[in-house]
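Note sheet for the following structure.
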């Protein structure tokens, strides 16, 4: 009797949607060539085989492509984007790769070479980009998610009380953000470069002792100017300072052309409202160092107005610097 043909075994890797990988098993293992971490992916034919698999419409989720030579690989799909999420591309050569709209979420790109690659509109949320080479890469409209992988892990470690682990992860996150900022700056995409510079500075702040003066100062600089990247924050913080000082003047009292102006619960709403508006006016002219002289402070208000005038001069200079930096990028 003739021997019955053996059924082709398929890969045991399970995709995110619960379906099994359709790849056939070659050898004695239980994983296909693409998911087998022991399979040699260094051959020159791997790039062609990967392109053919992509064109077939099958998912490439979880592919293990460590050290694979994929220079110039064409994996661009303008419609839906090829699915390479959770792929392991450790030290892979992806120079000049066409990865337009590709899905690389949660993929490991540790020290991968993406020089000159087209990553426009790619999805890279949660990907490990530590040590990735991005020289000359196209990075327009890339979806990076809410933050890099190391920052998310650092948050979890910090909440779990693992201070040393959190510090190491924040250092790695700072390195990734620095790399991204430089890549965007070299590509002439100043706004994105500024965004990642700001994120980098946040990571540097989180490396400082929690209750230290340098960390508090860094937080203040972030709030007031976004580390020199956000002129809107300079304007907003200036308005907040003006209103705070105006409220203080209203409570302490200042001298106006028609007499003393101060909060008085025994007078009507109209009088108090007029006095408060005059205090706002006085706070504005003090902040801008105009000093018309029609309203004068007394007592503690004198010291407060001096502090406000100094701070106002600094904030106006800061706004000019930040706005000029933003416009010249």
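Residue numbers (our numbering): 119 to 447.
A virtual CB, placed ideally from N, CA and C, is assigned to each residue, including glycine.
Note that the coordinates shown come from a computational prediction; the quantities given were computed from them, not determined experimentally.
*Per-residue burial, residue 445 [other beta carbons within 10 Å of its own, 16 or more giving buried]*: For the purposes of this step, residue 445 is identified with residue 327 of the chain shown, where counting begins at 1. In the assembly as shown, residue 445 is an exposed residue. Its beta-carbon has fewer than 16 other beta-carbons within 10 Å.
*asked:* Alpha carbons only, please: which of 151, 155 and 156 is nearest the one belonging to residue 163?
replied: As a position in the chain shown, residue 163 is number 45, starting the count at 1. Measuring from the Cα of residue 163, the nearest candidate turns out to be 151.
*Look at the Cβ atom of residue 325, then the Cβ atom of residue 289, and state whether they are nearer than 8 Å.*
On the chain shown, position 207 is the one that residue 325 refers to. On the chain shown, position 171 is the one that residue 289 refers to. Contact: yes.
*Please list, in chain order, all residues of the same chain as residue 406 whose beta carbon is under 8 Å from its beta carbon, the five residues on each side excluded.*
Within the chain shown, residue 406 is the residue found at index 288, counting from 1. 430 and 434, listed in sequence order.
*So what does DSSP say about residue 140, is it helix, strand or coil?*
Counting from 1 along the chain shown, the entry for residue 140 is found at position 22. Coil.
*Can you list, in chain order, the stretches of the alpha helix (DSSP H) that have 4 or more residues and sit fully within the region 141-218?*
The alpha helix (DSSP H) runs of length 4 or more contained entirely in the region 141-218 are, from start to end of the chain, 164-173.
*Residue-level contact to chain C via CB, residue 401, 8 Å cutoff*: Given the protein chain composition of this structure (a single chain), no chain C is represented.
*By a C-beta neighbour count over all protein chains shown, 10 Å radius and 16 as the cutoff for buried, is residue 312 buried or exposed?*
Counted from its first residue, the chain shown places residue 312 at position 194. Buried, by the Cβ-count rule.
*How is residue 392 classed by DSSP in three states: helix, strand or coil?*
For the purposes of this step, residue 392 is taken as residue 274 along the chain shown, with counting starting at 1. Annotated three-state conformation of residue 392 is helix, per DSSP.
*Short check: CB of residue 316 to CB of residue 347, under 8 Å?*
Here the question's residue 316 lines up with position 198 in the chain shown. Here the question's residue 347 lines up with position 229 in the chain shown. Yes.
*Can you round the beta-carbon distance between residue 297 and residue 250 to whole angstroms, since I take them to be within the 8 Å contact cut?*
For the purposes of this step, residue 297 is identified with residue 179 of the chain shown, where counting begins at 1. For the purposes of this step, residue 250 is identified with residue 132 of the chain shown, where counting begins at 1. By a beta-carbon distance limit of 8 Å, residue 297 contacts residue 250. Their separation comes to about 7 Å.
*Skipping 5 residues on each side, what residues in its chain have a beta carbon closer than 7 Å to that of residue 204?*
Start at 1 with the first residue of the chain shown, and residue 204 comes out as number 86. Hits under 7 Å: 179, 180, 224 and 225.
*For the region 221-285, which segments carrying the alpha helix (DSSP H) assignment without a break, of at least 4 residues, lie completely within its bounds, in sequence order?*
Taking only runs of at least 4 residues, the alpha helix (DSSP H) segments lying wholly in the region 221-285 are 267-277.
*With a CB to CB cut of under 6 Å and the five nearest residues on each side skipped, what residues in its chain are close to residue 310?*
Translated into the one-based positions of the chain shown, residue 310 becomes position 192. Hits under 6 Å: 302.
*asked:* In whole angstroms, give me the CA-to-CA distance for residue 327 and residue 281.
replied: Counting from one through the chain shown, the residue named residue 327 turns up at place 209. Counting from one through the chain shown, the residue named residue 281 turns up at place 163. Residue 327 and residue 281: Cα-Cα distance of roughly 11 Å.
*Among 149, 370, 366 and 141, which residue has its Cα nearest to the Cα of residue 167?*
The sequence position of residue 167 within the chain shown is 49, counting from 1. When only C-alpha atoms are compared, the closest one is 141.
*Under the three-state reduction of DSSP, which class applies to residue 292: helix, strand or coil?*
Taking the first residue of the chain shown as position 1, residue 292 is located at position 174. Residue state, collapsed to three classes: helix.
*Apply the 10 Å Cβ neighbour rule to residue 432 and answer buried if 16 or more other Cβ atoms are within range, or exposed otherwise.*
Counted from its first residue, the chain shown places residue 432 at position 314. Exposed, because fewer than 16 other Cβ atoms sit within 10 Å of the Cβ of residue 432.
*Alpha-carbon to alpha-carbon, residue 408 and residue 388*: Translated into the one-based positions of the chain shown, residue 388 becomes position 270. Translated into the one-based positions of the chain shown, residue 408 becomes position 290. Taking the straight line joining both Cα atoms gives about 27 Å.
_Here's the rule I'm using: 16 or more other beta-carbon atoms within 10 Å means buried, otherwise exposed. How should residue 345 be labelled?_
Reading the chain shown from its first residue, position 227 is the one you call residue 345. Residue 345 is classed as buried because its beta carbon has at least 16 other beta carbons within 10 Å across all chains shown.
_What would DSSP say about residue 430, mapped onto helix, strand or coil?_
Translated into the one-based positions of the chain shown, residue 430 becomes position 312. The DSSP-derived three-state label of residue 430 is helix.
*Report the three-state DSSP secondary structure of residue 404 (helix, strand or coil).*
Taking the chain shown and counting its residues from 1, one reaches residue 404 at position 286. It is helical.
*Quick one: what's residue 415 bridged to in DSSP?*
Translated into positions along the chain shown, residue 415 becomes position 297. Bridge partners of residue 415: 372.
_8 Å CB neighbourhood of residue 322 in its chain, flanking five on each side removed_ = Reading the chain shown from its first residue, position 204 is the one you call residue 322. Counting only Cβ-Cβ distances below 8 Å, and skipping sequence neighbours, we find 292 and 336.
_Here's a check: name, in chain order, each residue in its chain whose Cβ is nearer than 6 Å to the Cβ of residue 157, leaving out the five neighbours to either side._
Residue mapping note: residue 157 aligns to position 39 of the chain shown, counting from 1. The residues are 151.
*Which residues in the same chain have their Cβ closer than 8 Å to the Cβ of residue 124, if we skip the five residues on either side of it in sequence?*
The residue labelled residue 124 in the question sits at position 6 within the chain shown. Low per-residue confidence applies at residue 124: pLDDT is 49, beneath 50, and the placement is therefore not dependable, though the value from the model is reported in the following sentence. Correct list: empty, nothing qualifies.
*Contact set for residue 243: own chain, Cβ-Cβ below 7 Å, skip 5 residues either direction*: As a first step, residue 243 must be located in the chain shown, where it is residue number 125. Cβ within range, chain order: 223, 261, 262 and 263.
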